[in-house]
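Below is one structure, written out as structure tokens; comments come after it.
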Amino acid sequence: MAGLAGHPPAPADAKLIRRKPGLMPWLILTPLLAWLMLFIVVPTIMLVVVSFAERDALGRVVYQFSFANYARAFNWVWLKVLAESVWYAFLTTVICMAMGYPVGYFIGRAPQRWRGVLLTLVMVPFWTSFLIRTYAWIAILSKEGLVNSLLVASGIFAEPVTLLYTPFAIVLGLVYNFLPFMILPIYTSVEKLDGAMIEAAYDLGAGPARAFSQVIIPLTSPGITAGALLVFIPSIAMFAITTLMGGGTNPTIGEVIFKQFTSGRNQPFGAALGTLLLLIFVIALWFTRRMREEH
Amino acid sequence: MKSHIVLAASLAALALAGCGKPASPTAAGEPEPTPAAKKPAPPEKTLSIFCWSEYIPPSVVDQFTKETGIKVSVENFASNEEMLAKLMAGGGRYDVIQPSEYVMGSLVKEDLLQPIDHAKIPNLKNVAPRFLSMPFDPGNKFSVPYMAGTVGIVVNTDLIKDEIKGFGDVFQEKHKQNIVVLDDAREIVTWAMITQNIPINDVSDANLEKVKPIVAKWIPLVKVYDSDSPKTALLNGDVAIGVVWGGEGAILLNENKKFKWILPAEGTHLFVDNLAIPKGAKNVDNAEAFMNFILRPDISKQISDAFPYLNTNLPARELLTPAQRANPASFPADEDIAKMQSFEDIGTQASKIDEMVTSLKAQ
Numbered sequence: 000m001a002g003l004a005g006h007p008p009a010p011a012d013a014k015l016i017r018r019k020p021g022l023m024p025w026l027i028l029t030p031l032l033a034w035l036m037l038f039i040v041v042p043t044i045m046l047v048v049v050s051f052a053e054r055d056a057l058g059r060v061v062y063q064f065s066f067a068n069y070a071r072a073f074n075w076v077w078l079k080v081l082a083e084s085v086w087y088a089f090l091t092t093v094i095c096m097a098m099g100y101p102v103g104y105f106i107g108r109a110p111q112r113w114r115g116v117l118l119t120l121v122m123v124p125f126w127t128s129f130l131i132r133t134y135a136w137i138a139i140l141s142k143e144g145l146v147n148s149l150l151v152a153s154g155i156f157a158e159p160v161t162l163l164y165t166p167f168a169i170v171l172g173l174v175y176n177f178l179p180f181m182i183l184p185i186y187t188s189v190e191k192l193d194g195a196m197i198e199a200a201y202d203l204g205a206g207p208a209r210a211f212s213q214v215i216i217p218l219t220s221p222g223i224t225a226g227a228l229l230v231f232i233p234s235i236a237m238f239a240i241t242t243l244m245g246g247g248t249n250p251t252i253g254e255v256i257f258k259q260f261t262s263g264r265n266q267p268f269g270a271a272l273g274t275l276l277l278l279i280f281v282i283a284l285w286f287t288r289r290m291r292e293e294h
Numbered sequence: 000m001k002s003h004i005v006l007a008a009s010l011a012a013l014a015l016a017g018c019g020k021p022a023s024p025t026a027a028g029e030p031e032p033t034p035a036a037k038k039p040a041p042p043e044k045t046l047s048i049f050c051w052s053e054y055i056p057p058s059v060v061d062q063f064t065k066e067t068g069i070k071v072s073v074e075n076f077a078s079n080e081e082m083l084a085k086l087m088a089g090g091g092r093y094d095v096i097q098p099s100e101y102v103m104g105s106l107v108k109e110d111l112l113q114p115i116d117h118a119k120i121p122n123l124k125n126v127a128p129r130f131l132s133m134p135f136d137p138g139n140k141f142s143v144p145y146m147a148g149t150v151g152i153v154v155n156t157d158l159i160k161d162e163i164k165g166f167g168d169v170f171q172e173k174h175k176q177n178i179v180v181l182d183d184a185r186e187i188v189t190w191a192m193i194t195q196n197i198p199i200n201d202v203s204d205a206n207l208e209k210v211k212p213i214v215a216k217w218i219p220l221v222k223v224y225d226s227d228s229p230k231t232a233l234l235n236g237d238v239a240i241g242v243v244w245g246g247e248g249a250i251l252l253n254e255n256k257k258f259k260w261i262l263p264a265e266g267t268h269l270f271v272d273n274l275a276i277p278k279g280a281k282n283v284d285n286a287e288a289f290m291n292f293i294l295r296p297d298i299s300k301q302i303s304d305a306f307p308y309l310n311t312n313l314p315a316r317e318l319l320t321p322a323q324r325a326n327p328a329s330f331p332a333d334e335d336i337a338k339m340q341s342f343e344d345i346g347t348q349a350s351k352i353d354e355m356v357t358s359l360k361a362q
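Just so you know, the protein sequences line up as chains A and C, in that order. When we follow numbering that gives the first Met the number 0, the leftmost residue of the first sequence carries the number 0, and every step to the right adds one. When we follow numbering that gives the first Met the number 0, the leftmost residue of the second sequence carries the number 0, and every step to the right adds one.
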């Protein structure tokens, strides 16, 4: 919308010129709208409704209006869990960006014939379920695993070191899983990057650092923000990797919500935490949108 | 994985069966169908099972289909509560469910189960009397036992030399970050209650307050929480000591002599998993046939081979090897079993236990 502001004001008779959308576009849109309704709008409404309900001894939802779930949610325990999850997600995003940008840039500037191959290499891990890949990391990082065997056999360490079931393992698992989500949007931005712009920067006397920070970064910023969101948002709520590789000692918000729907037998409370998490995502999206509009 | 294939296969079979039907209405002008063709089709030979993951071997399900022609679809859950939630939401989609004792109690109380016909399950006679007519289902009106088991301690004797007798010895400062426990808040709180001689179902707020300092002391010592496969961390050498399911312990003992099984001196609890039919099930006869099949000694032995829990089937135990029978993690001594308590449903207190353990973990 912001882009429109730059255009000259529309002529007064714009209404007459504008074509009215016929039935066809709506028909084409129907599957998408149905999808959005069924799998996004309706579940979200259900989540919000349940978050104001109560539950009985067997965990069944009792539709009786109550703020109790939200009152309970604003407790330092859950806020601390949430803060820790956000911290892990933030760390994951920063590391993914530091690692993903050079890779995305390299692929985007590589000769045309190599790009396909390189992109395939980035995506190959997706052909296997992420759970299987996470279990593979367990085999690699455990005390009798690959890394430790190598470290001990080569004499670097006398004793195996603890790698698995640590915060390090959690962040490693998250970075490993989400890195392609950072590389791909950055690659798309870099591919569109006009080489003439960079040459112009050099011609005008900018050094490599300046050309990078003042030309390349701003021009590829759509890819950077898209990648950051694609990594940050799913990282917050991810619970499978954090429990498997972290050993479950530091509960994350995803794990806590999951447990409310199962062993905690408290779907309404889980729904309240889920709604709050959703609000955080909405705020994060709004924030990045604002940032983009300011540019 | 295999269960998914079975599920997909049975879904495909159902779809094919469904496709066959519309062909029956005859086109105008064709001769009247014979009376035989008008007869309702025989009842669909299908069965839908909702069971724990890693508990019913796929080979057993395949054999059931081979012998009876009943197509089986299997869906798994990882906790009683997960089963409960799906059962409440989905109603009569399942023909057989596999609840543990404490959930059985509330399912019976809430009248959510279909009574079973003992005439169709003659193999119920194979079950050890101790596991029949248990408090949660007097007279086995609604359920048959599947397997039982307990929770105990496994020690890697290569890494831990001093003697471990009970929970108090496990949760010591010197074992810090060297322990795996079940990722189950009620289990952990129960162990703490046992050390204080509090009956395990007496989860009043006062009692929870009383054990909170103990749990608070234990939690920082734990390295890994895992209910699905606590043996992994022990096998990989990431921890040296664990509080795990008996079946997991039995596998570890078979795997390596360095692992030792200890029944906690303070006491422990006995769980009994059952097969039951939810109200509204569509294939009750097939479900009863499956129950009877599971209670057959040769089938029950196959289950023990794959998942060495406490087999409740007396003739099946005779079929096990002496080594299997002597595995202390599978088969605790009778006098020990007599001392074990069993879970009852604790309703909404479960949320309090969950919050207590989560908040202590987050600290």
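Even glycine gets a Cβ: it sits at the ideal position worked out from N, Cα and C. A quick note: this is a predicted structure, and the numbers were derived from the prediction, not measured.
Taking one beta carbon from each stretch, the segment 237 to 256 of chain C and the segment 146 to 156 of chain C have 3 or more pairs nearer than 8 Å; the two touch.
Around the Cβ of Met290 of chain A, a 10 Å sphere holds fewer than 16 other Cβ atoms; the residue is exposed.
Judged by beta-carbon spacing, Gly241 of chain C lies within the 9 Å limit of Val179 of chain C, meaning their Cβ atoms are closer than that value. Interface with chain C (9 Å Cβ-Cβ cutoff): Asn176 of chain A is excluded. Here Gly21 of chain A is exposed. Its C-beta has fewer than 16 other C-beta atoms within 10 Å.
The beta carbon of Arg185 of chain C sits closer than 9 Å to some beta carbon of chain A. Per DSSP, the beta bridge partners of Gln340 of chain C are C:His268. Look at Leu359 of chain C here: in three-state DSSP terms it is helix. Annotation: Cβ neighbours of Leu83 of chain C in chain A (cutoff 8 Å, chain order): Leu57, Gly58, Arg264. At the C-beta level, Pro114 of chain C and Val126 of chain C stay beyond 9 Å of one another. Under the three-state reduction of DSSP, Ala157 of chain A is assigned to coil, being neither helix nor strand.
Judged by DSSP secondary structure, Thr149 of chain C falls within the beta strand (DSSP E) whose first and last residues are 142 to 155.
Proximity of chain C to Phe156 of chain A at the Cβ level (cut-off 7 Å) is not reached, the minimal Cβ distance being about 14 Å. From the listed residues C:Phe292, C:Ala191, C:Leu294, C:Ile261, the smallest Cα separation to Pro331 of chain C is found for C:Ile261. Against chain C, the beta carbon of Phe260 of chain A has neighbours under 9 Å at Glu80, Glu81, Ala84, listed in chain order. Looking at the backbone, the Cα of Ala337 of chain C and that of Trp217 of chain C are separated by about 28 Å. Pairing Ile298 of chain C with Ser226 of chain C, the inter-Cα distance amounts to about 26 Å.
Look at Gly236 of chain C: its C-beta is under 9 Å from a C-beta on chain A. Counting along the chain, the unbroken alpha helix (DSSP H) around Asn253 of chain C starts and ends at 245 to 254. Of A:Val146, A:Glu190, A:Thr251, A:Ile169, the smallest CA-CA separation from Met244 of chain A is found for A:Ile169. Burial state of Asp182 of chain C is buried, judged by a 10 Å Cβ sphere holding 16 or more other Cβ atoms. Within the model, the alpha-carbon separation for Phe49 of chain C versus Lys351 of chain C is close to 28 Å. Fewer than three Cβ pairs drawn from the segment 264 to 276 of chain C and the segment 167 to 181 of chain A lie within less than 8 Å of each other, which leaves the two stretches out of contact. Counting the other CB atoms within 10 Å of its CB gives Ile163 of chain C a total of 16 or more, which places it among the buried residues.
Under DSSP, the beta-bridge partners assigned to Thr45 of chain C are C:Lys70. In the DSSP assignment, Ser99 of chain C forms a beta bridge with C:Asp272. Of A:Asn147, A:Ser153, A:Ile256, A:Val281, the smallest CA-CA separation from Leu272 of chain A is found for A:Ile256. When the Cα atoms are used, Arg209 of chain A and Ala283 of chain A turn out to be separated by approximately 29 Å.
In the structure shown, the three-state DSSP call for Val202 of chain C is coil.
Within the segment 159 to 244 of chain A, the complete alpha helix (DSSP H) segments of 4 residues or longer fall at 166 to 191, 194 to 202, 207 to 210, 216 to 236, listed in chain order. Rounded to whole angstroms, the Cβ separation of Val71 of chain C and Val188 of chain C is 37 Å, and the two are not in contact under 8 Å. Rounded to whole angstroms, Leu140 of chain A and Leu234 of chain C show a C-alpha spacing of 13 Å. At least one CB of chain C lies nearer than 9 Å to the CB of Gly144 of chain A. For Trp136 of chain A, the enclosing alpha helix (DSSP H) stretches over residues 129 to 140. Around Tyr201 of chain A, no beta-carbon contact reaches into chain C at under 7 Å, the shortest distance being about 52 Å. In this structure, Phe342 of chain C and Tyr54 of chain C do not form a Cβ contact; the two beta carbons are roughly 17 Å apart against a cut-off of 8 Å.
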